[in-house]
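> Provided herewith is a single structure, encoded as structure tokens, for subsequent inquiry.
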Amino acid sequence: MLYLRFKRDSQTMDFWWCLFLMITSVPVRSDDEPVDPCTTAHVLDKMDLRFKDNIAPNASMLLCDRFRLGSGTWVRADGQDLLQTEPKPHETCGTRYPIWMKEPLPDTIGNLIETDACVVGLKGTCTKTLPIKIKKCVGYNVYFLTPPTSCSKAYCFQYAAKGTPPTEVISQPVVRYELVTKKKYITYQELQFSCHFPPTKTDYYYQVIWYVEDTPTVITEPLKKNDLRKTNLGYSEGDPTKGYTKLGINVKCSVRLKVTPEGPPGPMSKLSQNFFAGIEVVSTTVNIDRDKPMGKIFVKLTVPFGCPIMPDGSVEKCGLDIEMNVPRDPMKCSSEIKAAKAVDLIGKGRNCGCKIWNDEWDDTKSIPIAFIDKPEYKLDLPDSADGAFRIGLVTGGKEENPAWSGIELQDVHVHVHDSSDIWQGRKCAALNDPHMYTFDGKPYENQNPGMFILYIGKSVEYPIEVQIETTLCNKNPSSKPFCVCAIAVRAGGDVFIIDRCPDRRIQIKYLSCRENLLDARTESEMEYKIYFPSGTYVHAMLQDYTGVRTINVHIYPSKTDKDETLGLCGTLNGNQNDDFMDRDGNLLSRENFIKHWSITKEDFLVLMNEDKLYDLSPWKASALYCTCPHEDVPGDRPEDIGQCSEDTIVKCAKEDNPALNRNKCKIRSRRAAVRPFSYKMVEISDYQFTNKEEVDVYRSKREAEVHWTRETATEFCNTYMKKSQTFNACSEVPSVSSDFLIENCVLDILLTNSTVWSAGNREALRTTCMKELSQNTTLKEEKEEGKPSIVQQIKKIACLNECSGHGTCVNGTCDCEEGYGAKDCSMDLNKPPVVYGVNMDEGGLCDKRTCQRALVEGYGFLDRQTLQCLLTVFQVTENKMLVGEVTQYTVPGEHDSIAEVFCPLGPARRRRAVSQGFVRGINISVANNGRNFSSSHAIYVLDGICQDTVNVSGDIQFTLRRGYCYIGGRCFVDGTAHETEECFNCNFSKNTRGWSKVDDCHGMMDKTEPEPEPEVEDFSTVVIVIVIVCVLVVFAIVVAVVLFVKRKKSAQSFTIKSEEKVAYSEVATSEDT
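Here the sequence shown stands for residues 28 to 1100, numbered as in our numbering.
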């Protein structure tokens, strides 16, 4: 982190300094500096009714300027000026009390005068005065008019030009639109509006007044009918008096006639109807049901948008983005509305909304939205008057048409209606050995080995599935019970597995993550949750008994599962009688039902090859949802359009638990690149996967031989369960059934003649109990003031596996005894974890261009601060002969699951001499307590550019690729010249490990072959080392000064210790020299 800050600051210091100079040197207009009113004044409304001879026909038609001028504003008078003669009684100017002026107008362009205007009253023509300002502009005057204090008072204007104004009135015009070709840096199309009307027979001049949002803003020059296109309203950057600056506006126009361009204008035509130019939201209200949480927002453009013109004259295809944001508090975990992730937006799939193409602009476009629910049973709605979610829509940036950028559309109000609560409190379970339990609560036994579909959705567009594998629960082949040993969870093209079956590699990982739909979370080393996009999740509890690794599986449904589930979990509809159905809805016997949902190895996701995994049908694209970032204040527009976040999961249920790593996922959005090396050092089939060592990690007591009957088993199970505080407390929680689990405990004892499975049933109740506590909000309420809620009471005493008898439950967390670890205190810290291998999928190899850490696989890795990796670094030749020195150091391990840990390999140290070896090897071992390390396994780090593996009579060794030299620990392609010695180059045919002299090169006849350059670290590593050393040195100096001031004698020893830390840091992050 220190390195990153240093690098960023060093590279941007000059930039910020230059930016400061630019800002301080560019003249900036202060807020107090006046803006020229000639460029900003708008046209006063009703100008054609303000002439002195106009008499209003009735009181409702009297003009009033009290509210039209605000607190005072600049207005433009084109061809007219404020009346300068005392009005006679019949000259009322369309009002009752006209306002006029006595003073003359300014006669010099740019001159501004301040004067008073007279208000006609009952006692005379100037009973009151109003302060005004007048400035002479080019071709017209502008007035700062003060509003009168009461109504039926309005400013009176007269025609300034000499001549007779036309009396003819143009009929009501109509606003139309067209795309006009314009040229700046590029040729492009600009949207323009025309004021369409039938011209008069007399050859007049036509003057168009354009209104934007009912305010007259643009007055065109008077033009003949052949030049009317020049009166179009076009785009203007920043000057609203010359055109529109933004779309999403209402536009209308009016026309008046003139005999000459300078002459007085005739009366205004009737205003055209308002024309909305922008994007209409077809319906501003959307209704969504909670169990069918998808809907659509429909939008439609009323005008086209322009695009660039290609050199051949054709129009380039371009689009307009519409993106969505939902105002909410980002710090609060709550339900929300999201828009479909649009894969064709500018942000390359990261935006939420839709794109409209220019050749489809007049089509109605839909934006799919979804209600992203919370896991709680109670529907969480916004705290608004109508309980609706308010969605903001805004257009993205458009370079060639900035008027389309950042247009805020009408808000959409989404109403979510609650649905059936049948899913609440339900679960499907496969509890070892496996006692099955359908969503509708029907119990049955599945004492069969094989692979099965536990849960599958009916929807083809949104494929979801959970598969399990069952195997013998103990080593006795004649034993009847079977247990779940593997589970696979799939959503679309994503697959996550937990595989703990006998004689197979333990895996807790993503096999495929093409779509990032699944979200796997770690509750503890032995407990995992995998979330579907709908909020349905799988809970997997790992348990070890009698030398066999098992999994207890629960599936907790969401509201979308109603009537949509199949498999061994049955159909979630509240009816147990139809749970045993096949894919076609036919009822089956229990035996045929189990057989129907069995699958072959080829279809079992855990064992599926990469080609079949890649071909899994994907999730429907429009079902991926996201939101754009926003400010905390509701109603603010997105901060940065195009930087939207994808989230398809009910996230509030999983935020407190760490996510499992996706970096080791086999299948991603594209097929993996060709493997860089020809042969693996070790094939997966060469590894030995046994169960004995893993079981030894746990300390367990041997159970005495007892002959059990149903009566004695029932008595034991009731006593065993009810002595647990967690069991007693959870038994009172709604939807938590203890009877089913006690019966399971009895069946386990009778099947196995052992009580070892009892703890699993007790833990199954805790699992369901904790799930109910998280979702049933009524349990979180305090019944009595000052008394903890039911949730608080239970969480305080409920610990995983009751701390396995090796710890004390303190406020819901196990305080383990000395020598025990894991969240449930079940593991012996003095016994090292079991390691199968390192980078097993890559065959023990690592390409140093991309390999920053090694993946160690095995069993028994604990998420502790004392988790350490011991790295022993060595060098080997092409035939794997050890050469040079061996370096050993430890680094903190990065825990991912009980079966996997990452060991950082660290940056390479600068080499002081030429490497003696061809390939670097690292032996890696792991310890949970930082002391007792596992067996070590090797990983070889190659440069994939020029290094490869080769099979020499069955022995995998290393080789140099043809056409390359390997000099000083670096790869050079054949023919590469030496950086400083022009007469030497890499010549593959002469010398692959050193520089070769170029034939017929006479530039440096006396030069000998240059020494191979030592391999050095890259620039980033140099910066890291420099920064670390500098910071530590500065730190040591500061501490020494402080200690000196305080007159303490330990300054020297502390400085020595600081220097030792610098030396250790260099060794701890180094390779061999």
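C-beta: ideal position from N, C-alpha, C; glycine also.
Going by other Cβ atoms of all chains shown within 10 Å of its Cβ, with 16 needed for buried, is residue 94 buried or exposed?
Taking the first residue of the sequence shown as position 1, residue 94 is located at position 67. Answer is exposed; the Cβ neighbour count stays below 16.
> Is there contact between the region 821-838 and the region 750-767, where contact requires at least three CB pairs shorter than 8 Å?
yes
> Exposed or buried, what is residue 989 when buried is set at 16 or more other beta-carbons lying within 10 Å of its beta-carbon?
The residue given as residue 989 occupies position 962 in the sequence shown. With fewer than 16 other Cβ atoms within 10 Å, it is exposed.
> Specify the secondary structure class of residue 641 as computed by DSSP and reduced to three states.
In the sequence shown, counting from the first residue as 1, residue 641 sits at position 614. If DSSP states are grouped into helix, strand and coil, residue 641 belongs with the helices.
> For a test of the three-state rule: what should DSSP assign to residue 608, helix, strand or coil?
Taking the sequence shown and counting its residues from 1, the one referred to as residue 608 is at position 581. Correct three-state label for residue 608: strand.
> When burial is assigned at 16 or more other CB atoms within 10 Å of the CB, is residue 598 buried or exposed?
The residue given as residue 598 occupies position 571 in the sequence shown. Residue 598 should be labelled buried.
> Within the same chain, show all residues whose beta-carbon is closer than 7 Å to that of residue 1029, passing over the 5 residues directly before and after it, in chain order.
Here residue 1029 refers to the residue found at position 1002 of the sequence shown. Excluding positions up to five away in sequence, the list is empty.
> Taking all protein chains shown into account, decide if residue 212 is buried (16 or more other Cβ within 10 angstroms of its Cβ) or exposed.
As a position in the sequence shown, residue 212 is number 185, starting the count at 1. Residue 212 is exposed by the Cβ-count criterion.
> When you compare each of 391, 392 and 406 to residue 398 by their alpha carbons, which one comes out closest?
Here residue 398 refers to the residue found at position 371 of the sequence shown. Answer by Cα proximity: 406.
> Let me make sure I understand the geometry here. Which of 115, 64 and 120 has the alpha-carbon closest to that of residue 82?
For this step, residue 82 is matched to residue 55 along the sequence shown. Nearest of 115, 64 and 120 to residue 82, Cα basis: 120.
> Quick one: Cα of residue 763 to Cα of residue 798, how far?
For the purposes of this step, residue 763 is identified with residue 736 of the sequence shown, where counting begins at 1. For the purposes of this step, residue 798 is identified with residue 771 of the sequence shown, where counting begins at 1. Going from the Cα of residue 763 to the Cα of residue 798 covers about 10 Å.
> Quick one: what does DSSP say residue 1023 is sitting in, helix, strand or coil?
In the sequence shown, the residue the question calls residue 1023 occupies position 996. Here residue 1023 sits in strand by DSSP.
> Could you round the C-beta distance between residue 205 and residue 262 to whole angstroms and report it? I think they count as a contact, below 8 Å.
For the purposes of this step, residue 205 is taken as residue 178 along the sequence shown, with counting starting at 1. For the purposes of this step, residue 262 is taken as residue 235 along the sequence shown, with counting starting at 1. So it is not a contact: roughly 13 Å between Cβ atoms.
> I need the boundaries of the alpha helix (DSSP H) containing residue 749, first residue and last residue.
Taking the sequence shown and counting its residues from 1, the one referred to as residue 749 is at position 722. From DSSP, the alpha helix (DSSP H) with residue 749 extends over 737-749.
> Relative to the alpha-carbon of residue 533, which residue among 743, 202, 926 and 887 has its alpha-carbon at the smallest distance?
In the sequence shown, counting from the first residue as 1, residue 533 sits at position 506. Comparing Cα-Cα distances from residue 533 to each of 743, 202, 926 and 887, the minimum goes to 926.
> So residue 486 is in the alpha helix (DSSP H); what residue range does that whole segment cover?
Residue mapping note: residue 486 aligns to position 459 of the sequence shown, counting from 1. Element bounds for residue 486: n/a, residue is neither H nor E.
> For residue 442, I'd like the list of residues in its chain whose CB is within less than 6 Å of its CB, leaving aside the five on either flank, ordered along the chain.
Residue 442 sits at position 415 when you count from the first residue of the sequence shown. Correct list, in chain order: 314 and 415.
> Measuring alpha carbon to alpha carbon, tell me which of 321, 948 and 498 ends up nearest residue 965.
Locating residue 965 in the sequence shown gives position 938, counting from the first residue. Nearest of 321, 948 and 498 to residue 965, Cα basis: 948.
> Measure the alpha-carbon distance for residue 572 versus residue 457 and round it to whole angstroms.
Residue mapping note: residue 572 aligns to position 545 of the sequence shown, counting from 1. Residue mapping note: residue 457 aligns to position 430 of the sequence shown, counting from 1. Taking the straight line from one Cα to the other gives about 16 Å.
> Which same chain residues end up closer than 6 Å to residue 238 when comparing Cβ atoms and leaving out the 5 residues on each side of it in sequence?
By one-based count along the sequence shown, residue 238 stands at place 211. Answer for residue 238: 279, listed in chain order.
> Fully enclosed by the region 74-162, which beta strand (DSSP E) runs are 3 residues long or longer?
100-104, 107-109, 124-128 and 139-148
> Below 8 Å between beta carbons: does that hold for residue 122 and residue 89?
Numbered from 1 along the sequence shown, position 95 holds the residue referred to as residue 122. Numbered from 1 along the sequence shown, position 62 holds the residue referred to as residue 89. Contact: yes.
> Should residue 486 be labelled buried (16 or more other beta-carbon atoms within 10 Å of its own) or exposed?
Working through the sequence shown from its first residue, we reach residue 486 at position 459. Its Cβ having fewer than 16 others within 10 Å, residue 486 is exposed.
> By DSSP's criteria, residue 384 is part of a beta bridge. Which residues make up the other side?
Start at 1 with the first residue of the sequence shown, and residue 384 comes out as number 357. DSSP output for residue 384 lists 346 as bridge partner(s).
> Looking only at its own chain, which residues have a Cβ that is under 7 Å from the Cβ of residue 904, when we skip the five neighbours before and after it?
Here residue 904 is taken as the residue at index 877 of the sequence shown, counted from 1. Correct list, in chain order: 910, 944 and 945.
> Quick one: grab the DSSP three-state call for residue 734.
Residue 734 sits at position 707 when you count from the first residue of the sequence shown. Looking at residue 734 - three-state DSSP - the assignment turns out to be coil, as it is neither helix nor strand.
> Which value, in whole angstroms, describes the spacing of the CA atoms of residue 1011 and residue 1024?
Within the sequence shown, numbered from 1, the residue matching residue 1011 stands at position 984. Within the sequence shown, numbered from 1, the residue matching residue 1024 stands at position 997. If I take the Cα positions, the gap works out to 4 Å.
> Would residue 1103 and residue 967 qualify as a contact pair, given that the criterion is a beta-carbon distance under 8 Å?
The question about residue 1103 has no answer here: the residues shown for the chain are numbered 28 through 1100.
> Using the Cα positions of residue 334 and residue 380, report the straight-line distance between them to the nearest angstrom.
Numbered from its first residue, the sequence shown carries residue 334 at position 307. Numbered from its first residue, the sequence shown carries residue 380 at position 353. For residue 334 and residue 380, the distance between alpha carbons rounds to 21 Å.
> Could you check where the beta strand (DSSP E) with residue 416 kicks off and where it finishes?
As a position in the sequence shown, residue 416 is number 389, starting the count at 1. First-last of the beta strand (DSSP E) with residue 416: 416-422.
> Just mark residue 686 as buried or exposed, buried being the case when its beta carbon has 16 or more other beta carbons within 10 Å.
As a working mapping, residue 686 is identified with position 659 in the sequence shown. Looking at its Cβ environment, which holds fewer than 16 other Cβ atoms inside 10 Å, residue 686 is exposed.
> Could you tell me which of 182, 129 and 1020 sits nearest to residue 974, measuring between CA atoms?
The residue given as residue 974 occupies position 947 in the sequence shown. Minimum Cα distance to residue 974 is reached at 1020.
> The beta strand (DSSP E) spanning residue 455 covers which residue range?
Within the sequence shown, the letter at position 428 stands for residue 455. 455-458 is the span of the beta strand (DSSP E), which, as asked, contains residue 455.
> Which runs of the alpha helix (DSSP H) fall wholly inside the region 818-854 and span at least 4 residues, in chain order?
none
> Suppose contacts are defined by Cβ-Cβ distances below 8 Å. Is residue 621 in contact with residue 475 by that definition?
Taking the first residue of the sequence shown as position 1, residue 621 is located at position 594. Taking the first residue of the sequence shown as position 1, residue 475 is located at position 448. In contact: residue 621 and residue 475 (Cβ atoms closer than 8 Å).
> Would you be able to state if there are at least three C-beta pairs under 8 Å between the region 98-116 and the region 319-334?
no
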